[in-house]
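*Asks:* Supplied in structure tokens, the structure appears directly below.
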Amino acid sequence: MRATGGVLHSTREDLGVGRRPAVADLEEHLREWSRPGGPFDPGLLAAHEENEAFPAEACAALDAWGLPGFYVPSRYGGRQESLDEFVALLRRIAARDLTVAVAHGKTFLGGVCVWAAGEEGPAGFLARQVLASEPVAWGLTEPGGGSDLLAGALTAGRHGSGWRLSGRKWPVNNATRGNLMCVLARTEPGGGARGFTVFLIDKRATPQGTVRPLPKMPTHGIRGADISGLEFDEARVPAHALVGSVGGGIELVLKSLQLTRIVCTALSLGAGDHGLALLRRFLTERRLYGRALAELPHARDAAGRAVARQFLAEVVAHTAARAAQQIPEQLSVVSAVAKAFVPSLIQGQLRLIGDLLGARGFLADIEGYGAFAKLERDHQVVPLFDGSTWVNRAGLAAVLPVLRPGRRRTASDAGSPVHWLRTDHALDPLDTDRLRLMAPRDAVLGALPGLVAELAAEEPESDATALARALLAECGGLSEAI
Ligand SMILES: Cc1cc2nc3c(=O)[nH]c(=O)nc-3n(C[C@H](O)[C@H](O)[C@H](O)COP(=O)(O)OP(=O)(O)OC[C@H]3O[C@@H](n4cnc5c(N)ncnc54)[C@H](O)[C@@H]3O)c2cc1C
1 MRATGGVLHS TREDLGVGRR PAVADLEEHL REWSRPGGPF DPGLLAAHEE
51 NEAFPAEACA ALDAWGLPGF YVPSRYGGRQ ESLDEFVALL RRIAARDLTV
101 AVAHGKTFLG GVCVWAAGEE GPAGFLARQV LASEPVAWGL TEPGGGSDLL
151 AGALTAGRHG SGWRLSGRKW PVNNATRGNL MCVLARTEPG GGARGFTVFL
201 IDKRATPQGT VRPLPKMPTH GIRGADISGL EFDEARVPAH ALVGSVGGGI
251 ELVLKSLQLT RIVCTALSLG AGDHGLALLR RFLTERRLYG RALAELPHAR
301 DAAGRAVARQ FLAEVVAHTA ARAAQQIPEQ LSVVSAVAKA FVPSLIQGQL
351 RLIGDLLGAR GFLADIEGYG AFAKLERDHQ VVPLFDGSTW VNRAGLAAVL
401 PVLRPGRRRT ASDAGSPVHW LRTDHALDPL DTDRLRLMAP RDAVLGALPG
451 LVAELAAEEP ESDATALARA LLAECGGLSE AI
């Protein structure tokens, strides 16, 4: 896939993934760690999965390599400068083992509210903790709440200069192993959009017995992860646990989710990489009717569709990660598109790969291919967390007028993705102050008519132009329907 001016590409090298030293360095370490006896040895990770045991060796290796530095913005002493780079790092880990990526990467989600609140929160304290490899959990969900954040019943009331919390957060990743959890709590009895507040809870600083871990939940996938919860019983926390403003919790969480939803796409991209690697090997190794499976037309067709899904997922994720820095005001739309689209696309891709692997996609213990069943189970959670596919689609439905392709913008417009999708474009630094609850417009779709016109002028007869015109016509139809 290639479009005008080098905006859309089709190879990982073109996308810039793998060029940055940190990504290449991590990949080299992951290769080393995956050897027999290493912390990422597939045999060891499969045994942990079987025993529902936490992949502690792999997480310790990532700590030692310095991954926690990428969870902390550079202004607080970390190495997080570009979301695109972080997505590439997490993708590499997910391509080895999705459970490890979920278990370790959770700290990114746990910290994001604090960074987004900036000076109004305990950012300095959290940065020191994360850089010392302390895991951080993010407690939004409650047994009675699920996707409906406004139904949250865990309450925080004033107590002296601090606060007192009661209620449950469940299910939450890393709730038991970590000492820190960012919690959304009801601070107005009537709730509502201004009735919730975020707190950073340090279990070690609460009176004994007032914060209790809930048992680890057995799960269908990511079986080794610490999926549990916390129960607060009149737990007193100090005033400096407050993150952002009192009553600003829902807004802060919704803005933070715009970043974490993009990060979730890294888990899907890594799962796709892993699945395609198994498939590639199978297509050449497996012989049927006297020839390699890769020569069977159906196998070639299905494999081609699986690869095409990966490219498409990659383009959307890459666009979203760069948009986070370049057009953060529009991220409510971009992140919802990415989260609604990429995990579902990869879920379908894994099904295609599973069908091709046949028995080997189903038998857990089979040499070399046993990882597939685990991978497919692990990935099933990605479409549902940080707002399910349907929650994100519902969010987009509410802003459909913004999604109509606008007037004929030319690609030379400042702010057009034609500029900031180029790998040689120096992105703005990630600025969470620019996040907005509602996007004023959508620059990506808005640029489409101009991009198609440019492509048509450059290559009037090409297949790419015909496809681009068809896409624009579809968008026109959608616009009418809206
Ligand atoms: C392994 C695992 C780890 C998790 N880790 C964490 C964590 O670390 N922190 C945390 O806070 N939570 C965590 N969760 C909870 C997760 O985020 C929830 O699954 C999520 O909040 C949705 O809740 P629910 O699955 O109960 O679905 P519900 O909210 O009960 O929704 C039921 C169905 O309705 C659909 N639906 C909901 N709202 C809408 C809508 N507006 N429009 C259309 N359809 C809709 C959903 O897609 C779903 O199909 C975890 C869950 C799991 C399984």
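Heads up, the sequence shown is in full-length UniProt numbering, so the first residue is 1 and it goes up one at a time.
In this text, a Cβ means the ideal position worked out from N, Cα and C, and glycines have one as well.
#1: On the DSSP bridge list, what partners appear for E231?
#2: Less than 7 Å between the CB of A398 and some heavy atom of ligand 1, yes or no?
#3: Identify whether A225 lies in helix, strand or coil by the three-state DSSP scheme.
#4: With distances taken from CA atoms, which of L421, A426, L375 and P417 is nearest R96?
#5: For S335 versus A320, is the C-beta spacing smaller than 8 Å?
#6: Could you check whether I227 and N173 sit closer than 8 Å to each other, using their CB atoms as the reference points?
#7: Which same chain residues end up closer than 7 Å to A324 when comparing Cβ atoms and leaving out the 5 residues on each side of it in sequence?
#8: For A127, count neighbouring Cβ atoms within 10 angstroms of its own Cβ and tell me buried if that reaches 16, exposed if not.
#9: Give a yes or no on contact between the region 181-191 and the region 131-144, applying the rule of three or more CB pairs nearer than 8 Å.
#10: Checking 8 Å against the spacing of the C-beta atoms, do G224 and H48 come in under that value?
#11: Quick check on the burial criterion: 16 or more other C-beta atoms within 10 angstroms. Buried or exposed for S344?
#12: Across which residues does DSSP place L184 in a beta bridge pair?
#13: Tell me the DSSP bridge mates of Q80?
#14: Spell out a yes or no on whether the region 119-126 and the region 209-220 are touching, meaning 3 or more CB-CB pairs, one atom from each, closer than 8 Å.
#15: In whole angstroms, give me the CA-to-CA distance for H379 and Q347.
#16: Decide if D355 is buried, meaning its Cβ has at least 16 other Cβ atoms within 10 Å, or exposed.
#17: A193 by DSSP, collapsed to three states: which one?
#18: Anyone know if the C-beta pair for V130 and V72 falls short of 8 Å?
#19: Got a sec: does ligand 1 put a non-hydrogen atom nearer than 7 Å to the Cβ of D355?
#20: At which residues does the beta strand (DSSP E) containing V136 begin and terminate?
#21: Would E27 and P39 qualify as a contact pair, given that the criterion is a beta-carbon distance under 8 Å?
*Replies:* Put simply:
#1: Counted from its first residue, the sequence shown places residue 231 at position 231. E231 is bridged to R168 and R212.
#2: Taking the sequence shown and counting its residues from 1, the one referred to as residue 398 is at position 398. Answer for A398: no, Cβ out of range of ligand 1.
#3: By one-based count along the sequence shown, residue 225 stands at place 225. Note: A225 maps to coil in three-state DSSP.
#4: Taking the sequence shown and counting its residues from 1, the one referred to as residue 96 is at position 96. The option with the nearest alpha carbon to R96 is L375.
#5: Locating residue 335 in the sequence shown gives position 335, where the first residue counts as 1. Locating residue 320 in the sequence shown gives position 320, where the first residue counts as 1. Closer than 8 Å, so yes.
#6: Working through the sequence shown from its first residue, we reach residue 173 at position 173. Working through the sequence shown from its first residue, we reach residue 227 at position 227. Contact: yes.
#7: Locating residue 324 in the sequence shown gives position 324, counting from the first residue. L83, L259, I262, L331 and L430, listed in sequence order.
#8: The sequence position of residue 127 within the sequence shown is 127, counting from 1. Burial call: buried.
#9: yes
#10: Counting from one through the sequence shown, the residue named residue 224 turns up at place 224. Counting from one through the sequence shown, the residue named residue 48 turns up at place 48. Contact: yes.
#11: Working through the sequence shown from its first residue, we reach residue 344 at position 344. Under this definition S344 is a buried residue.
#12: Looking up residue 184 in the sequence shown gives position 184. Answer is V198.
#13: Within the sequence shown, residue 80 is the residue found at index 80, counting from 1. Paired residue(s): P73.
#14: no
#15: As a working note, residue 379 is residue 379 in the sequence shown. As a working note, residue 347 is residue 347 in the sequence shown. Approximately 7 Å between the Cα atoms of the pair.
#16: Position 355 of the sequence shown, counting from 1, holds the residue named residue 355. So D355 counts as exposed.
#17: Position 193 of the sequence shown, counting from 1, holds the residue named residue 193. Reduced to three states, the DSSP call for A193 is coil.
#18: Taking the first residue of the sequence shown as position 1, residue 130 is located at position 130. Taking the first residue of the sequence shown as position 1, residue 72 is located at position 72. Yes, they are a contact pair.
#19: Looking up residue 355 in the sequence shown gives position 355. Outside the cutoff, so no.
#20: Taking the first residue of the sequence shown as position 1, residue 136 is located at position 136. V136 to G139 is the extent of the beta strand (DSSP E) around V136.
#21: Here residue 27 is taken as the residue at index 27 of the sequence shown, counted from 1. Here residue 39 is taken as the residue at index 39 of the sequence shown, counted from 1. Taking 8 Å as the Cβ cut-off, E27 and P39 do not qualify as a contacting pair.
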